[in-house]
Amino acid sequence: MTDEITARAGREFYAFDGRVLEVFGSHPRRFHVRNMDLRVLGPDRKGRRTIEVVAGPPEAPASQHTWHLSAEEWQRAQGLEALLEAVRAGVASSARGDGA
């Protein structure tokens, strides 16, 4: 992947270039596909979702970035689903040893 994917959700802006997920906001963070896990939980009965990005191995995470989106915020977050799918694919590709 060579094209950058971006999305805005709430007050934060996300960019993914195929290797690094960058989170821009009050606490900017960077996560590399070889050292992260991504989980999208939900929707719950009210349509809310929780998104977790964990750095480090699952058994001993070094840091975590969690955000919660209401059903309305999820709908307004243009490009977020595509970005999350691209991150998932990058993590899976890295786990298989396909580059990155």
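Start counting the sequence shown at 3; every next residue gets the next number (the numbering used here). Yeah, the Cβ is synthetic: ideal placement off N, Cα and C, and Gly gets one too.
Could you check which residue in the options has the C-alpha nearest to that of residue i?
i, options, result
"histidine 70", "Ala9, Pro45 and Ala88", "Pro45"
"arginine 13", "Ser95, Arg78, Ser96 and Ala64", "Arg78"
"glutamate 54", "Ala62, Leu86 and Glu74", "Leu86"
Going by beta carbon distance, what residues of the same chain come within less than 6 Å of residue i, once the five residues before and after it are set aside?
i, result
"phenylalanine 15", "Phe26"
"glutamate 6", "Ala17 and Asp19"
"methionine 3", "Any answer about methionine 3 is weak, because its pLDDT of 48 lies below 50 and its placement is not dependable; what the coordinates show is given next. The residues are Gly20."
"leucine 23", "Phe33 and Val89"
"leucine 82", "Ala9 and Ala11"
Just the C-alpha distance for residue i and residue j, rounded to the nearest angstrom, thanks.
i, j, result
"arginine 50", "aspartate 100", "33 Å"
"alanine 88", "glycine 20", "7 Å"
"glycine 92", "arginine 10", "20 Å"
"aspartate 39", "arginine 32", "13 Å"
"serine 72", "leucine 43", "12 Å"
"lysine 48", "tryptophan 76", "12 Å"
"serine 95", "serine 28", "30 Å"
Quick one: what does DSSP say residue i is sitting in, helix, strand or coil?
i, result
"alanine 57", "strand"
"arginine 36", "helix"
"alanine 17", "strand"
Return the chain-ordered list of same chain residues with a C-beta closer than 7 Å to the C-beta of residue i, the five sequence neighbours on each side being excluded.
i, result
"threonine 52", "Leu43, Gly44, Thr68 and His70"
"alanine 64", "Ala57 and Gly58"
Ranges of the alpha helix (DSSP H) found wholly within the region 66-94, counting only runs of at least 4: Taking 4 residues as the minimum length, the alpha helix (DSSP H) runs contained wholly in the region 66-94 are 73-78, in order along the chain.
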